[in-house]
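Reading through the structure tokens given below for one structure.
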Amino acid sequence: MTLTIETLGGRGDGIAAHRLEDGTPVSVFVPGTMPGDRADVRLGAHRRFGVEGSLVRLVMPSPDRRRPPCAVFGMCGGCQLQFLDDTCYAAFLADRVRDTLQHQGISGVPVRAAAVSPPASRRRISLKAEGRDEGVRLGFNARGSHRLVDITACPVARDSLVALFPGLRDTLAVLLAGRGRAGIILTATDSGMDVLLDMDRAATLQDRDILTDWAGTNDIAALHWRDRGLMDPILIRRQPVMRFDGVPSALPPGGFLQATAEGERALRDAVLSAVEGSRRIVDLFAGIGTFSLPLARGRAVLAVEGDGAAVTALRGAAGAAASTHRLTVEHRDLFRRPLTADVLARFDAVVLDPPRAGAAAQVAELSAGTVPRVVSVSCNPATFARDARILIDSGYHLHWVQPVGQFLWSSHVELVGLFLR
Ligand SMILES: C[S@@+](CC[C@H](N)C(=O)[O-])C[C@H]1O[C@@H](n2cnc3c(N)ncnc32)[C@H](O)[C@@H]1O
-6 MTLTIETLGG
4 RGDGIAAHRL
14 EDGTPVSVFV
24 PGTMPGDRAD
34 VRLGAHRRFG
44 VEGSLVRLVM
54 PSPDRRRPPC
64 AVFGMCGGCQ
74 LQFLDDTCYA
84 AFLADRVRDT
94 LQHQGISGVP
104 VRAAAVSPPA
114 SRRRISLKAE
124 GRDEGVRLGF
134 NARGSHRLVD
144 ITACPVARDS
154 LVALFPGLRD
164 TLAVLLAGRG
174 RAGIILTATD
184 SGMDVLLDMD
194 RAATLQDRDI
204 LTDWAGTNDI
214 AALHWRDRGL
224 MDPILIRRQP
234 VMRFDGVPSA
244 LPPGGFLQAT
254 AEGERALRDA
264 VLSAVEGSRR
274 IVDLFAGIGT
284 FSLPLARGRA
294 VLAVEGDGAA
304 VTALRGAAGA
314 AASTHRLTVE
324 HRDLFRRPLT
334 ADVLARFDAV
344 VLDPPRAGAA
354 AQVAELSAGT
364 VPRVVSVSCN
374 PATFARDARI
384 LIDSGYHLHW
394 VQPVGQFLWS
404 SHVELVGLFL
414 R
């Protein structure tokens, strides 16, 4: 049947209104479509929120559609929205934030224009490889599947990452010897490329030799082999570091890092503007100091983080920058032992940037306390909105939200929100 797509859903699927034969109104979710498209659609399974549809043919494309830049668009599971023009894509991210807040009954909040990272800016990518008789498949999974799509380029990744693909493919062909799978995380750090291989066996001497050769030829800074969780440093030619406010902080293998430098800047600028006038700040879920170090220039900052390796890195950075930055670091599990309302009362502002699950226990303490300013950074609008509802119900007012798109052409969006009371 032919449908007109009216909106985009939270996962980036086009949505059309339709009536079933018995007259029941339903929403049809059609991946690969956008508002303004007229499309022939095959109806599929009924889900809780509507009916799945698959695109058979575009009858009349939306005028805002553009040619997807990637050669494996539609096959690779990433970047499913690259046919949206830049304006539509930025509007989609802001709408996604607005809609998610609305689901929690939060409306009327100024949602700023999304800060979207440009193509070729992703500084970390997580690839998969599969050994096959005819060679190695290297790439990303197809959408909703474990089938690997082979890639030779990636328009969202930095050129320095893509340049490694051919040599990496040849090296993995020897390591995988025609069978098995591997995960590869490539990170362009400020001191060079960091490589983490996820394997399901220990490294042999031959593996080490091959990898050492490849690393030397490609000026790799560090390479670790993770065998079912066990970290084996194959070589460390230079310590991978990231600089925050000019201060180098060591990046542990696989340690958290904002996905693009542009996204990091947008998040940091929003955080710094949100704490203006605050002198004593606590930065919760601090990682290796993305926000703590810029915050600690001219202000007293306590950074709290649960990962031991990140804490060691941030303590090292804080020690080295002690003459310019006032930063202390606490190692603490904030899910089990959130900072209590009494402790929080010592600070003018709280910055928190939890993992996707949000920070329910910590937000409960904040809502019972008196801190005048809470800056919430999140990679998950749903848990941001859930936690926002709790803060608002306890007397905070949400002043603005800044969406940040670091995962270009995906439905993923990060955000910063300022709460005052
Ligand atoms: C989204 S990252 C943010 C890190 C940092 N703010 C940044 O922007 O680079 C979340 C951080 O929370 C930390 N984390 C996860 N669970 C935690 C817990 N239960 N207690 C404290 N920190 C935790 C992770 O190790 C990670 O560093």
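Using our numbering, read the sequence shown as starting at -6 and increasing by one per residue. Where is the CB? At the ideal position from N, CA and C, for every residue including glycine.
Could you work out which residue in the options is closest to residue i when comparing CA atoms only?
| i | options | result |
| --- | --- | --- |
| Ala338 | Leu345, Pro54, Gly362 | Gly362 |
| Ser403 | Glu(-1), Asp6, Thr0, Gly173 | Asp6 |
| Arg329 | Val21, Ala357, Gly248 | Ala357 |
| Arg258 | Cys72, Pro111, Asp88 | Pro111 |
| Ala178 | Leu327, Leu157, Arg172 | Before going further, note that residue 178 is Ile rather than Ala in the sequence given. Among Leu327, Leu157, Arg172, the Cα nearest to that of Ile178 belongs to Leu157. |
| His217 | Met235, Phe237, Glu255, Ala175 | Ala175 |
| Asp57 | Leu120, Ala108, Ile(-2) | Ile(-2) |
| Thr180 | Thr164, Ile8, Asp152 | Asp152 |
| Gly415 | Met192, Gly25, Ala315 | The structure shown does not extend to residue 415, since the chain is modelled only from -6 through 414, so no value can be given for it. |
| Arg236 | Gly282, Met224, Asp200 | Gly282 |
| Asp300 | Val234, Gly312, Val322, Leu286 | Val322 |
| Thr305 | Gly2, Arg325, Leu51 | Arg325 |
| Cys63 | Thr145, Thr376, Leu260, Asp262 | Thr145 |
| Gly70 | Phe85, Lys121, Ser55, Ser285 | Lys121 |
| Ala32 | Gly16, Arg40, Ser55, Gly270 | Ser55 |
| Ser119 | Ile99, Tyr82, Phe249, His11 | Phe249 |
| Asp80 | Ala108, Val149, Ile99, Leu169 | Residue identity check: residue 80 is Thr in the sequence provided, not Asp. When only C-alpha atoms are compared, the closest one is Ala108. |
| Phe42 | Ala10, Asp88, Gly291 | Ala10 |
| Ala106 | Glu407, Arg414, Asn134 | Glu407 |
| Tyr389 | Leu359, Gly270, Leu401, Pro233 | Leu359 |
| His392 | Val102, Arg40, Val297 | Val102 |
| Leu161 | Ala195, Ala135, His139, Thr210 | Thr210 |
| Asp163 | Ala208, Leu223, Ser387, Ser138 | Ala208 |
| Pro287 | Val344, Val397, Pro61 | Val344 |
Beta-carbon within less than 8 Å of residue i's beta-carbon, same chain only, minus the 5 sequence neighbours each way: which residues are those?
| i | result |
| --- | --- |
| Pro348 | Phe278, Cys372 |
| Leu66 | Residue identity check: residue 66 is Phe in the sequence provided, not Leu. Excluding sequence neighbours, Phe66 sits near Cys72, Gln75, Phe76. |
| Thr253 | Ser110, Ser114, Arg115, Arg116, Gln399 |
| Asp78 | Asp57, Arg58, Arg59 |
| Gly309 | Ser242, Ala243 |
| Thr(-5) | Arg31, Ala32, Asp33, Val34, Val52 |
How about residue i: is its Cβ closer than 8 Å to a heavy atom in ligand 1?
| i | result |
| --- | --- |
| Ala353 | no |
| Val370 | yes |
| Phe284 | yes |
| Gly309 | no |
| Gly410 | no |
| Ile433 | Outside the modelled stretch of the chain, which goes from -6 to 414, sits residue 433, for which no answer is possible. |
| Asp326 | yes |
| Asp300 | yes |
| Asp206 | no |
| Gln399 | no |
| Arg329 | yes |
| Pro374 | no |
| Pro347 | yes |
| Val297 | yes |
| Gln251 | yes |
| Asp341 | no |
| Ala303 | yes |
| Phe22 | no |
| Phe42 | no |
| Leu260 | yes |
| Phe377 | no |
| Asp380 | no |
| Phe85 | no |
Within the same chain, show all residues whose beta-carbon is closer than 7 Å to that of residue i, passing over the 5 residues directly before and after it, in chain order.
| i | result |
| --- | --- |
| Glu45 | Phe22, Gly37, Ala38 |
| Phe340 | Arg273, Ile274, Val275, Val364 |
| Leu13 | Val19 |
| Gly171 | Gly124, Arg125, Asp126 |
| Arg221 | Asp193 |
| Gly2 | Ile8, Phe22 |
| Gly247 | Ile178, Leu189 |
| Val375 | What sits at residue 375 in the sequence shown is Ala, not Val. The residues are Thr93. |
| Ser251 | Residue identity check: residue 251 is Gln in the sequence provided, not Ser. Taken in chain order, the residues that qualify are Glu257, Leu260, Thr283, Gln399. |
By Cβ distance, which residues of its chain are closer than 6 Å to residue i, with the 5 residues on each side in sequence left out?
| i | result |
| --- | --- |
| Ala302 | Pro245 |
| Arg130 | Glu123, Leu141, Asp143 |
| Cys147 | Val155 |
| Arg319 | Ala289, Ala293 |
| Ile227 | Arg201, Leu204, Leu216, Trp218 |
| Ala378 | Thr93, Leu94, Gln97 |
| Val49 | Asp33, Arg35 |
| Ile213 | Met186, Val188 |
Could you tell me whether any Cβ in chain B is nearer than 9 Å to the Cβ of residue i?
| i | result |
| --- | --- |
| Gly43 | Within the model displayed, chain B is absent; a lone protein chain is all it includes. |
Relative to ligand 2, is the shortest distance from any of its heavy atoms to the C-beta of residue i smaller than 8 Å?
| i | result |
| --- | --- |
| Gln73 | Among the ligands present in this structure, namely ligand 1, ligand 2 is not found. |
Notebook entry, point to check: Per the contact definition of three or more C-beta pairs closer than 8 Å, is the stretch 379 to 388 in contact with the stretch 237 to 257?
Noted result: no
Item checked: Contact between the stretch 182 to 190 and the stretch 204 to 218 (3+ Cβ pairs under 8 Å) -> yes
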